[in-house]
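Q: Numbering (our numbering), first residue to last: 175 to 544.
Below you'll find the structure I mean.
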Ligand SMILES: [Cu+2]
């Protein structure tokens with residue numbers, strides 16, 4: 175494929191995704207412009223020496239992603255700077271790369287009287303976490319993350335889970351205050367839901383429990399959750415004026431493990447999705463960590479204001495540009511989109527974000543446009 179064809183394909187992929195996310199064609203030219211600048215910097219930096227490459231070589235042993243080529247990493251001198259740069263450039267230029275399946279989309283409830291009913295099915299799927307890269311995943315309704323469940327304080331909620339996995343499972347509603355029998359922990363609050371069985375969870379979204387929460391497996395969880403049995407459970411405040419206003423919102427679920435290594439919303443760069451905002455908008459980002467490691471997410475160009483931990487509003491918001499998010503935590507931040515451009519947004523444990531062969535894993539961008 176010629177570079178022109180590749181560029182055309184990438185443009186098509188970007189426009190396809192732009193259609194989903196509302197990014198205008200102007201963003202595309204902006205992205206090309208900024209990427210061009212970035213590559214100039216990259217070439218300059220790589221000409222300075224090989225110390226970085228050696229550090230990356232040792233860290234690459236910990237990568238569990240297909241972009242980490244250990245045989246190449248063991249012979250760094252075999253690769254020219256030009257070859258390395260070409261791989262870095264190709265990865266960035268393919269962003270955002272189209273892949274099959276998109277998790278975390280809102281699940282519309284079915285009403286049963288005044289009860290909001292959410293139907294979930296857990297099953298084994300083949301999940302494309304990066305272009306052409308598939309892994310066996312355990313998924314709710316076929317996607318990773320599972321569909322977003324969103325209710326309002328005071329709602330009566332029913333979640334019906336059918337287990338079509340080859341092993342037992344349960345759902346724990348992480349962060350929700352609910353009756354003990356609905357807490358979803360095998361042999362503490364309920365028997366495991368065996369293969370082929372269905373279990374019904376029912377509770378009220380309590381006033382005072384608004385915020386960013388999660389649902390996930392609590393059985394063989396180190397394996398089941400990292401393989402995909404996770405999702406966002408968002409409780410809207412009954413009175414929206416009780417929480418800070420924003421113009422648009424994104425949820426970023428962090429995960430690390432068997433499906434794609436280090437992922438944002440079930441995808442590894444360049445298959446992650448960009449965040450977009452118009453200049454001057456205020457963006458709410460709900461970070462949720464479903465993985466086994468801490469991930470310090472770093473936004474270039476603008477600070478983030480932390481407004482809530484685990485759903486609970488902070489008495490005093492504070493600003494930062496690198497946010498540690500531990501397993502189980504949900505942290506809400508506001509970003510004032512004051513700076514035009516395409517800004518890198520990535521985990522700052524660098525071996526979760528970049529190898530000798532380019533960026534992968536927990537990398538996306540915030541695009542601020544006119
Ligand atoms: Cu990380």
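Glycine residues also receive a C-beta, built at the ideal position from the N, C-alpha and C atoms.
Remember, it's a predicted structure, so these values are computed and weren't measured experimentally.
Residue 256 by DSSP, collapsed to three states: which one?
A: Helix at residue 256.
Q: Measure the CB-CB distance between residue 542 and residue 512 and report whether it falls below 9 Å.
A: Going by C-beta atoms, residue 542 is nearer than 9 Å to residue 512.
Q: Give the DSSP-derived three-state secondary structure of residue 239 in the structure shown.
A: With a pLDDT of only 44 at residue 239, under the threshold of 50, the placement of this residue in the model should not be trusted, and no figure is reported.
Q: Tell whether a beta-carbon distance below 9 Å holds between residue 262 and residue 485.
A: No, Cβ-Cβ distance for residue 262 and residue 485 is not below 9 Å.
Q: Quick one: using the 10 Å Cβ neighbour count with 16 as the cut-off for buried, is residue 282 buried or exposed?
A: With fewer than 16 Cβ atoms within 10 Å of its Cβ, residue 282 is classed as exposed.
Q: List the DSSP bridge partners of residue 302.
A: Beta-bridge pairing links residue 302 to 308.
Q: Do you know offhand how far residue 423's Cα is from residue 252's?
A: Straight-line Cα distance between these residues: approximately 45 Å.
Q: Give the DSSP-derived three-state secondary structure of residue 525 in the structure shown.
A: Residue state, collapsed to three classes: helix.
Q: Does DSSP put residue 451 in a helix, a strand or coil?
A: If DSSP states are grouped into helix, strand and coil, residue 451 belongs with the strands.
Q: Quick one: what does DSSP say residue 350 is sitting in, helix, strand or coil?
A: Here residue 350 sits in coil by DSSP.
Q: Taking just the CA atoms, how far does residue 313 sit from residue 298?
A: Using only the alpha carbons, I get a separation of about 6 Å.
Q: Please identify the residue among 399, 466, 336, 385 whose C-alpha is closest to the C-alpha of residue 373.
A: The candidate whose alpha carbon is nearest that of residue 373 is 336.
Q: Let me confirm a value: residue 430 is counted as buried when at least 16 other C-beta atoms fall within 10 Å, else exposed. Which label applies?
A: So residue 430 ends up on the buried side.
Q: From the DSSP output, read off the bridge partner residues of residue 386.
A: DSSP, once it has assigned bridges, lists 408 as partnering residue 386.
Q: Tell me whether residue 354 is buried or exposed, calling it buried when 16 or more other Cβ atoms sit within 10 Å of its Cβ.
A: Exposed, since its Cβ has fewer than 16 Cβ neighbours within 10 Å.
Q: Spatial neighbours of residue 371 within its chain, please: C-beta separation below 8 Å, excluding the five flanking residues on both sides.
A: 336, 337.
Q: Given the structure, does residue 500 come close to ligand 1, in the sense that its CB is under 8 Å from one of the ligand's heavy atoms?
A: No, since every heavy atom of ligand 1 falls outside the 8 Å radius drawn around the Cβ of residue 500.
Q: Give a single yes or no on whether residue 436 has its beta carbon closer than 8 Å to a heavy atom of ligand 1.
A: For ligand 1, at least one heavy atom lies less than 8 Å from the Cβ of residue 436.
Q: Given a cut-off of 9 Å on the beta-carbon distance, is the pair residue 324 and residue 407 in contact?
A: Result yes, Cβ atoms of residue 324 and residue 407 sit closer than 9 Å.
Q: At a cut-off of 8 Å, is residue 523 close to ligand 1 when judged by its beta-carbon and the heavy atoms of the ligand?
A: Yes; taking the cut-off as 8 Å, the Cβ of residue 523 has a heavy atom of ligand 1 nearer than that.
Q: Quick one: using the 10 Å Cβ neighbour count with 16 as the cut-off for buried, is residue 304 buried or exposed?
A: The residue in question, residue 304, is buried, as its Cβ has 16 or more Cβ neighbours within 10 Å.
Q: Give the single residue among 267, 451, 272, 471 whose Cα lies nearest to the Cα of residue 515.
A: Nearest C-alpha to residue 515: 451.
Q: Taking only the alpha-carbon atoms, compute the straight-line gap between residue 322 and residue 266 and give it to the nearest angstrom.
A: Cα to Cα, the separation comes out at about 28 Å.
Q: Taking the C-alpha atoms as reference points, what is the distance between residue 414 and residue 383?
A: Using only the alpha carbons, I get a separation of about 13 Å.
Q: Under the assumption that residue 462 contacts residue 425 (Cβ atoms under 8 Å), give the Cβ distance between them as a whole number of angstroms.
A: That belief holds up - the Cβ atoms of residue 462 and residue 425 are roughly 7 Å apart, short of 8 Å.
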